[in-house]
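Enquirer: Can you read through this structure? Questions will come right after.
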Amino acid sequence: MPKTIAIIGAGAAGLMAADHLSELMADQERDWQITLYDAMPTPARKLMMAGKSGLNLTHAQPIDEFIASYSPYADWMAPMIREFGPREVRSWSYAMGQSTFEGSSGRVFPKSMKASPLLRRHFQHLEKRGVKLVTRHRWQGWTDDNALLFETPEGQATIRADAVLLALGGPTWPRLGTDGNFLSVLEEKGIACSPYRPANCGFEVGWSKQFIQQWAGEPVKSVTLTFGDRQVHGDFVITRYGIEGSAVYGLSAPLRDALEAGAPVTLQIDLRSHHDLDEVKKRLDQPRGKQSFANHIRKRLHLKGVQAALLKECTPREVMNDMGKLAQAIKALPIHVTAPRPLEEAISCAGGVHLSELGDDLMVKRQPGLFIAGEMLDWEAPTGGYLLPACMSQGHHAALGIGRYLNEL
Ligand SMILES: Cc1cc2nc3c(=O)[nH]c(=O)nc-3n(C[C@H](O)[C@H](O)[C@H](O)COP(=O)(O)OP(=O)(O)OC[C@H]3O[C@@H](n4cnc5c(N)ncnc54)[C@H](O)[C@@H]3O)c2cc1C
């Protein structure tokens, strides 16, 4: 009798697990039946969505730096990334017909920038290796006699498998497939989980009406954001509700944690990080003559457009009239952040199944034969090419664990 493997969730982690298990099956000449189940009519919708704005597959920095970016989960991720890391992600992309290139600041993309060509090839490749894809099957838990229970268009279906990988993702952008309801099913089994929380998300700021009307949607480029001991240099966007974008995402974990702890949260923006405070003061102190204030800061500091408007929005009038205080505001403009945007809008999430529930091979300690990988686990990482490789790496690592588990059955 062939041994059966159910991989539930055909996203980044599930697809990489299927890839590696089918390779193991061929190499070790095993009689395994590998089936990928997904709730949606088509698989990997979050990857497809990620590809719309340029699929950032990984990052080109040295491997030790890359691993350190997963802090405080770096020690947990390290062995998995060393097995299957940025180099392997790029090789996989190449094998799927998409060479990769390094964009700005070391981010790595497939040449088409999209997910669709990669996924098309990947599914063809899995099919050739005998992996079956079953869509419109939403996993709901287990029956009393431990079969997998699915909701399908034809009603409920039960399926038995010798090994199961749950790779159901995190409940951001739920219309793409993941609703997060599985957490209560796992908790009922005694598996410790934390509620999902937004990561790499936008934040609310009480902008004035005039500011929103004129500047919502406008990028603020090349600034340094500071919160506590964390600093991020980059761009962000003014939105109707507040702020979002890569520089904000880089601070989203500490900002979210501070808001949850009930602390007043003020982040500081350095609008002129290439000048020190003395230089900013010196330039502001130059004679203004008959120029308007707006012209003065534009000429002396190239502060204009949304940056000048932001300075005005966040600075009391008396500070605007005091060049010493104004210089300080330009170097550390305080932005009062009131709440993270909802989980549904976030790029990724924190929370989920506690890592302490898993053994080294990602098998659930209290349920042999059940493996979990990807964003549904309780870890988080920044944007910039760290989320997808982590999920793929975990999928690959779980596949190794499943292989060993089945070989010992
Ligand atoms: C807009 C956007 C852009 C992004 N861009 C990038 C990027 O450029 N680079 C990057 O590294 N990361 C990016 N990410 C994050 C990245 O897409 C995710 O971290 C990654 O896809 C998570 O992989 P996963 O395998 O854990 O889950 P997913 O890839 O989300 O896959 C989970 C799968 O499980 C299925 N599923 C869910 N529940 C059930 C159920 N009960 N039964 C059966 N199937 C179920 C879902 O339909 C889905 O197909 C982006 C995310 C978003 C939202």
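Counting from 9, one number per residue, gives the positions in the sequence shown under the numbering used here.
Ideal Cβ placement from N, Cα and C applies to all residues, glycine included.
Since we're looking at a predicted model, the values are computed, not measured.
1) So what does DSSP say about H241, is it helix, strand or coil?
2) Per DSSP, which one or two residues make a beta bridge with D278?
3) Express the C-alpha separation of H304 and R296 in angstroms, rounding to a whole number.
4) Work out the CA separation of Q315 and P75 for me, nearest whole Å.
5) Tell me whether M88 counts as near ligand 1, meaning its Cβ is closer than 7 Å to at least one heavy atom of that ligand.
6) Check whether the Cβ of H310 sits closer than 7 Å to any heavy atom of ligand 1, and report yes or no.
7) In the DSSP output, what is C201 paired with across the bridge?
8) Please state whether the Cβ-Cβ distance between I355 and Y257 is less than 8 Å.
9) Can you tell which of L408, H404, E383 and A407 has its C-alpha closest to the C-alpha of L5?
10) Using only CA atoms, which one of R325, V345, P348 and A347 lies nearest to A337?
11) Identify every residue that forms a DSSP beta bridge with H130.
12) Report the CB separation of L414 from K11 in whole angstroms; it is logged as a contact under 8 Å.
13) What beta strand (DSSP E) runs, 3 residues minimum, are completely inside the stretch 30-97?
14) When you compare the stretch 43-60 with the stretch 20-28, are there three or more beta-carbon pairs, one atom per stretch, that lie closer than 8 Å?
15) Exposed or buried, which one is E4 when buried takes at least 16 other CB atoms within 10 Å?
16) Alpha carbon to alpha carbon, how far is L184 from S61? Give it in angstroms, no decimals.
17) Consider the C-beta atom of A406 and the heavy atoms of ligand 1; say whether any pair is separated by less than 7 Å.
18) Expressed to the nearest angstrom, what Euclidean distance is found between the alpha-carbon atoms of L107 and L126?
19) Is the stretch 207-219 close to the stretch 347-364, with three or more CB pairs under 8 Å?
20) Rounded to the nearest angstrom, what separates D284 and K339 at their Cα positions?
21) In terms of alpha-carbon separation, which member of M9, P118, S101 and E135 lies closest to L29?
22) Less than 8 Å between the C-beta atoms of T274 and V142, yes or no?
23) With DSSP collapsed to three states, give me the class of P182.
24) Compare the Cα-Cα distances from D293 to each of A271, A317 and A335 and report the closest residue.
25) Tell me whether M121 sits in a helix, a strand or coil according to DSSP, three-state version.
26) Got a sec, what are the start and stop residues for the alpha helix (DSSP H) A347 sits in?
27) Taking the straight line between their C-alpha atoms, what separation do you get for S192 and P118?
28) Within this structure, are the beta carbons of F235 and L263 separated by less than 8 Å?
29) Spatial neighbours of A317 within its chain, please: C-beta separation below 6 Å, excluding the five flanking residues on both sides.
30) My assumption, with CB atoms under 8 Å, is that L309 sits in contact with V288. Please give the rounded CB distance.
31) Report the three-state DSSP secondary structure of S192 (helix, strand or coil).
Expert: Taking the coordinates as given:
1) H241 sits in a strand when the DSSP states are folded into three classes.
2) Answer is T232, bridged to D278.
3) So the two alpha carbons sit approximately 6 Å from each other.
4) For the sequence presented, residue 75 should be read as Ile rather than Pro. Distance between the alpha carbons of I75 and Q315: 35 Å.
5) Not under cutoff, so the answer is no.
6) H310 has its Cβ no nearer than 7 Å to any heavy atom of ligand 1.
7) According to DSSP, C201 bridges with V361.
8) Against a cut-off of 8 Å, the Cβ pair of Y257 and I355 comes out as a contact.
9) Nothing about residue 5 can be reported from this structure: the residues present for the chain run from 9 to 417 only.
10) Closest in alpha carbon position to A337, among R325, V345, P348 and A347, is R325.
11) DSSP output for H130 lists no bridge partner at all.
12) Yes, L414 and K11 are in contact; Cβ-Cβ is about 5 Å, under 8 Å.
13) Counting only runs of 3 or more, we get 40-45.
14) In short, these stretches touch, since the Cβ pair count reaches three.
15) Nothing about residue 4 can be reported from this structure: the residues present for the chain run from 9 to 417 only.
16) Whole-angstrom Cα-Cα distance: 16 Å.
17) Remark: the shortest separation between the CB of A406 and any heavy atom of ligand 1 does not fall under 7 Å.
18) According to the sequence as given, residue 107 is Ser; it is not Leu. Looking at the two C-alpha atoms, the distance is approximately 10 Å.
19) Short answer: they touch.
20) When the Cα atoms are used, D284 and K339 turn out to be separated by approximately 8 Å.
21) Nearest neighbour of L29 by Cα position, chosen from M9, P118, S101 and E135, turns out to be E135.
22) Judged by their CB atoms, T274 and V142 are not nearer to each other than the 8 Å cut-off.
23) In the structure shown, P182 sits in a helix (DSSP, three-state: H, G or I).
24) The candidate whose alpha carbon is nearest that of D293 is A335.
25) Under the three-state reduction of DSSP output, M121 falls in the coil class, being neither helix nor strand.
26) For A347, no alpha helix (DSSP H) segment is defined; the enclosing uninterrupted segment is the beta strand (DSSP E) at L341 to P348.
27) Each residue's Cα considered, the two are about 37 Å apart.
28) Yes.
29) Same-chain partners within the cutoff: W223.
30) Sure, about 7 Å apart at Cβ, within 8 Å.
31) Residue state, collapsed to three classes: helix.
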